[in-house]
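One structure is given here, and the rest of the page talks about it.
Residue numbers (my numbering): 10 to 140.
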């Protein structure tokens with residue numbers, strides 16, 4: 010992942026909250042800081058178990074699940090489907106090193122291919138809130 014400064018002025022953050030689930034600590038820390046810099050509130054989790062606890066405690070305020078596909082305890086897609094039952098308006102982005110067609114995603118979830126630039130991550134998050 011390459012880190013460059015994204016155009017944060019166009020971020021439609023507006024107080025939106027992202028549940029970020031990434032098991033690689035360094036990646037999670039960088040993504041958290043970039044999303045905060047873009048104006049989002051971030052709830053970071055390192056595995057599915059922590060993500061589930063955070064979701065249950067904050068589900069009303071969480072607008073987006075941004076999750077790696079392969080996680081300890083579950084896949085990002087499994088988490089999305091579970092959380093979507095509780096909050097129908099939840100948005101989702103799944104991140105994976107696999108090809109998108111290999112992930113069997115539904116039409117209501119976006120995909121981000123690894124490796125990616127931080128500017129691409131911010132753009133994808135901004136885009137999901139603009140649709």
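Beta carbons are placed, not taken as given, at the ideal position from N, Cα and C, and that holds for glycine.
Predicted model only: the values in this text are computed from it and were never measured.
For residue i, tell me which candidate among the options has the shortest Cα-Cα distance.
i: residue 119; options: 40, 62, 137; result: 137
i: residue 39; options: 140, 139, 128; result: 128
i: residue 23; options: 94, 35, 49; result: 49
i: residue 34; options: 25, 26, 77, 122; result: 77
i: residue 2; options: 65, 86, 75, 59; result: Outside the shown range of the chain (10 to 140) lies residue 2, about which nothing can therefore be said.
i: residue 116; options: 65, 86, 62, 131; result: 86
What do you reckon, are the CB atoms on residue i and residue j nearer than 8 Å?
i: residue 28; j: residue 44; result: no
i: residue 134; j: residue 102; result: yes
i: residue 71; j: residue 88; result: no
i: residue 91; j: residue 105; result: no
Ignore the nearest five residues each way along the sequence and tell me which others in residue i's own chain have a CB closer than 7 Å to its CB.
i: residue 80; result: 30, 32, 56, 57
i: residue 130; result: 40, 43, 121
i: residue 62; result: none
Only counting the same chain, and skipping five residues up and downstream in sequence, which positions put a Cβ closer than 8 Å to that of residue i?
i: residue 41; result: 29, 51, 53
i: residue 26; result: 49, 50, 51, 52, 67, 70, 71, 72, 73
To the nearest angstrom, how far is the alpha carbon of residue i from that of residue j?
i: residue 84; j: residue 93; result: 14 Å
i: residue 82; j: residue 139; result: 31 Å
i: residue 60; j: residue 125; result: 23 Å
Once you ignore the five residues that flank residue i on each side, which residues in its own chain have a CB closer than 6 Å to its CB?
i: residue 96; result: 68
At a cut-off of 7 Å, would you count residue i as near the ligand GTP, judging by its Cβ distance to the nearest heavy atom?
i: residue 30; result: In the structure shown, the ligand GTP is absent, as is every other ligand, since no ligand is present at all.
query = Along the chain, which unbroken stretches of the alpha helix (DSSP H) at least 4 residues long are found entirely within the stretch 70 to 97?
reply = Counting whole runs of 4 or more residues, the stretch 70 to 97 contains the alpha helix (DSSP H) stretches 85 to 95.
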